[in-house]
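See below for the structure under consideration.
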Amino acid sequence: MIENFFEQIEEPLKVFEHKLKKDEKSLQDRLTNFEENEANKDELTISIHKKIKKLDAISKGLR
């Protein structure tokens, strides 16, 4: 009976621990993704700027 009591108490803790580990992994993945995006931010900005310039040139050519 005591064993059953401890099992009942332990089960919600196991579920909670599993959820915490899952959330921690999710947050770690998001942080990694954010850090990668920050590292590539300058390259992306330059690339977007070049594409905008190219579109402007095409637009002026069509007028």
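For any residue, its number in our numbering is found by taking its place in the sequence shown, counting from 1, and adding 103. Quick reminder that beta carbons are idealized off the backbone N, C-alpha and C, glycines included.
Note on geometry: alpha-carbon atoms of Glu127 and Lys117 lie some 15 Å from one another.
When the Cα atoms are used, Phe119 and Phe109 turn out to be separated by approximately 16 Å.
Separation of Ser150 and His121 (C-alpha to C-alpha, rounded to the nearest whole angstrom) is 42 Å.
For the pair Glu141 and Leu158, the Cα-to-Cα distance works out to about 26 Å.
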